[in-house]
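Here the sequence shown is numbered in my numbering, starting from 8 and rising by one per residue.
Even glycine gets a Cβ: it sits at the ideal position worked out from N, Cα and C.
As C-alpha cells, the structure follows; a few thoughts come after it.
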Amino acid sequence: MNAPNDSTVLRVATASPYDVVVGHDVLDRLRGLLPEGVQRVAIITPESLEDLLEPFADLLEGLDVIVLQVPDGEEAKTWEVAAACWESLGEEGFTRSDAVVTLGGGATTDLGGFVAATWLRGVAVVHVPTTVLAMVDAAVGGKTGINTPAGKNLVGSFHEPAGVLCDLALLATLPRAEVVAGLGEVVKCGFIADPRILELVETTEPAELTADSPVLRELVERAIQVKADVVAGDLKETGGVDGHPGREVLNYGHTLAHAVEKATDYAIRHGEAVALGCVYVAELAARAGGLSPELVARHRAVFGRVGLPTSLPTSLLGGEGVDFDTLLATMRVDKKARGNQLRFVVLEDLARPVVLAGPSEADLRAAYAALSGLAGS
Ligand code: MG
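Shown next, in the form of C-alpha cells:
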C-alpha cells in the first residue's frame with residue numbers, strides 16, 4: 008500500500024498489531040508511530056550515531072525528550088547498560104504513558120526493547136533501525152534481550168513495538184560490508200518464503216544495491232513481509248501448522264551460523280555466517296531429504312552474487328580452520344536444540360521449509376565437507 012511521501016506501510020498482524028513504515032526520507036513519520044498521549048520520549052542510541060541525534064530529536068519537538076547514549080554494538084547488551092537506562096528512567100519519573108524510541112542497529116534495538124519491556128512491566132517502544140540487518144530482522148517480531156557470561160540473548164522478553172520506521176536514507180553512510188551482511192537475512196527470506204527476492208538479486212547488478220536503490224527497498228520490504236507473516240502466525244515460537252516450522256523457520260541456516268560465529272569469536276558478521284549456514288543446510292537437505300542439486304547450487308549463486316561467503320575456507324577461521332567436532336558440540340548446546348536431538352530447518356523445495364530432526368552424523372559431516380570445499384557437492 009502506498010502512503011504519503013512515498014512510503015510503504017506493512018502491518019504486523021499479531022495480537023497487538025503494529026505498522027512498519029518503509030521508505031526514503033521518511034523520518035517525519037516518527038510521531039505518527041508513537042502512541043497517543045505520549046508526553047516524554049527516551050531515545051536510546053549508540054554513541055557512534057551522535058551526528059544523527061540532533062536532527063532526530065528535533066522530530067519530537069514539543070515532547071519532553073531525554074537521550075540515553077549506550078555503547079556501540081554488542082557492548083550495549085549488558086546487564087550494567089540496562090541498569091543504567093532504568094536508573095535514568097527512574098530519575099526522570101518515566102511513566103507508563105511515556106515511550107522509548109531506539110535509533111541504531113540490532114544491538115540497540117535488542118537492548119532498547121528490553122529496557123522498554125521491563126520498565127514498569129512494559130512501556131511502548133518504537134524502533135528506528137539504522138542497518139539493513141536491524142530493519143529486516145531485529146526491529147520486527149518483538150524479541151528483546153541482553154547477553155550474559157553464559158551466552159548471547161539468554162535474558163530477554165517478547166515485547167512487540169508500537170511501530171517500526173525503516174528509513175533507507177539512513178543506510179547511505181553504512182559501510183558496504185554491513186549492507187551486504189544484512190542481505191544475508193534477506194536472501195534467507197527468499198529461500199524460505201519469497202522466491203521473488205531471489206529473482207530480484209539474480210537480475211540486479213549487486214553494486215547497484217545502494218541506499219537509494221528502489222530494488223534494495225523492495226528487497227527490504229519483502230523480507231520484512233516474510234518476517235511479519237511468520238511472527239503473526241507464531242510470535243512465541245511454539246510451532247507452526249500443517250508441517251510448517253512456524254517461527255523456527257526464521258532460524259534457517261542459523262544453527263551452523265551461531266556455531267561459526269562462536270568459533271570465530273564473533274569476528275565474522277552475522278549475515279556472513281547465515282550465508283554459510285544456509286549453504287550448509289542446503290547441502291544437508293540434499294543428503295538427508297533429497298533437495299535438488301539445482302537448488303543447492305542456487306544457494307551458492309545468490310548468496311555469492313551479493314558478496315557473501317558460500318564456502319568455508321580455513322582463512323575465514325583464523326587460518327587454522329575449525330574442526331567440525333567443535334562446531335558440532337556447539338550446535339548441540341544451541342538454545343534452539345530441543346532435548347539432545349539436533350534440529351535443522353531445511354527445504355523440501357523452494358519456499359517449502361520443514362524441520363529435519365536428528366540427521367545422521369554421516370550426513371552432517373558430508374554436508375560440512377561440501378561446505379568446506381573438501382568434497383564435491
Ligand atoms: Mg539472524
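- Secondary structure of arginine 47 (DSSP, three-state): strand.
- One residue list follows from the rule of a beta carbon closer than 7 Å to any heavy atom of the ligand MG, given in chain order as Asp144, Glu192, His261, His277 and Val281.
- Within the region 148–212, the runs of alpha helix (DSSP H) that reach at least 4 residues and sit entirely inside it are, in chain order, 183–199 and 202–209.
- Distances from the alpha-carbon of glycine 314 to those of Val187, Pro366 and Glu225 put Val187 closest.
- Secondary structure at isoleucine 231: helix, using DSSP grouped into helix, strand and coil.
- A straight line joining the alpha-carbon of cysteine 285 with that of leucine 190 spans about 13 Å.
- Per the C-alpha coordinates, the member of Leu298, Gly311 and Pro42 positioned closest to glutamate 212 is Gly311.
- Around the beta carbon of proline 316, 16 or more other beta carbons sit within 10 angstroms, so the residue counts as buried.
- DSSP, reduced to helix, strand and coil, places aspartate 249 outside both helices and strands of the structure shown, so it counts as coil.
- By the 16-neighbour rule on beta-carbons within 10 angstroms, glutamate 43 is exposed.
- Each residue's CA atom was taken as its position, placing alanine 83 and isoleucine 51 some 10 Å apart.
- With a minimum length of 4 residues, the unbroken runs of alpha helix (DSSP H) contained wholly in the region 240–311 fall at 261–270 and 277–295.
- Inter-segment contact for the region 55–66 and the region 202–210 is absent: fewer than three beta-carbon pairs are separated by less than 8 Å.
- The region 296–307 and the region 223–242 do not touch, with fewer than 3 CB-CB distances between them shorter than 8 Å.
- Annotated as proximal: valine 16 and aspartate 26, with beta-carbon spacing under 9 Å.
- The C-beta distance from proline 202 to leucine 371 rounds to 27 Å, too long to fall under 8 Å, and the pair is not in contact.
- Spatial neighbours of valine 72 in its own chain (CB-CB distance under 7 Å, excluding positions within 5 residues in sequence) are listed in chain order as Val48, Ile50 and Ala64.
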